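Here's the structure, in structure tokens; my notes come after.
Residue numbers (this note's numbering): 1 to 107.
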């Protein structure tokens, strides 16, 4: 089942910046081969359900392996079966097309 997840890994119980932990998560996601896009409050990732869930678990494992005692993650997941092959980029492009049409009509 095609899945798009937006998740935010939150290292807890550390006294330094969390950036090093997030960078490690990005390395984990990159190695997974899944399509992803990091943003300022998390990461969007897409792929098959099991693969997406596995990479989120691997992020937790990697952060714990760095010595972080607690990890919390907020997740939003969407699946669909009616539009096979639609990607994160496709969803964003549709909105850009609408906005471009708006701009053209204002001229």
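All C-beta atoms, glycine included, are put in the ideal place defined by N, C-alpha and C. All values reported here derive from a predicted model rather than from experimental measurement.
Just to check my reading of the structure: residue i and residue j have Cβ atoms closer than 8 Å, yes? What is that Cβ distance to the nearest angstrom?
| i | j | result |
| --- | --- | --- |
| residue 4 | residue 66 | Not a contact, Cβ separation roughly 27 Å. |
| residue 70 | residue 6 | Contact doesn't hold; Cβ gap of about 21 Å is too wide. |
| residue 45 | residue 28 | Residue 45 to residue 28, Cβ: 11 Å. No contact. |
DSSP three-state label for residue i, please.
| i | result |
| --- | --- |
| residue 66 | coil |
| residue 76 | strand |
| residue 40 | coil |
| residue 1 | coil |
| residue 94 | helix |
| residue 71 | strand |
| residue 45 | strand |
I'd like to confirm the pairing. Which residues does DSSP put opposite residue i in its beta bridges?
| i | result |
| --- | --- |
| residue 17 | According to DSSP, residue 17 bridges with nothing at all. |
| residue 8 | 74 |
Excluding the five sequence neighbours on either side, which residues of its own chain have a C-beta within less than 7 Å of the C-beta of residue i, listed in chain order?
| i | result |
| --- | --- |
| residue 8 | 41, 42, 73, 74 |
| residue 11 | 18, 21, 63, 68, 71 |
Once you ignore the five residues that flank residue i on each side, which residues in its own chain have a CB closer than 8 Å to its CB?
| i | result |
| --- | --- |
| residue 16 | none |
| residue 84 | 2 |
On a Cα-Cα basis, can you pick out the residue from the options that is closest to residue i?
| i | options | result |
| --- | --- | --- |
| residue 51 | 103, 107, 104, 34 | 34 |
| residue 2 | 102, 59, 104, 53 | 53 |
| residue 80 | 47, 60, 106, 61 | 47 |
For residue i, which residues in the same chain have their Cβ closer than 6 Å to its Cβ, ignoring the five residues on either side in sequence?
| i | result |
| --- | --- |
| residue 32 | 55 |
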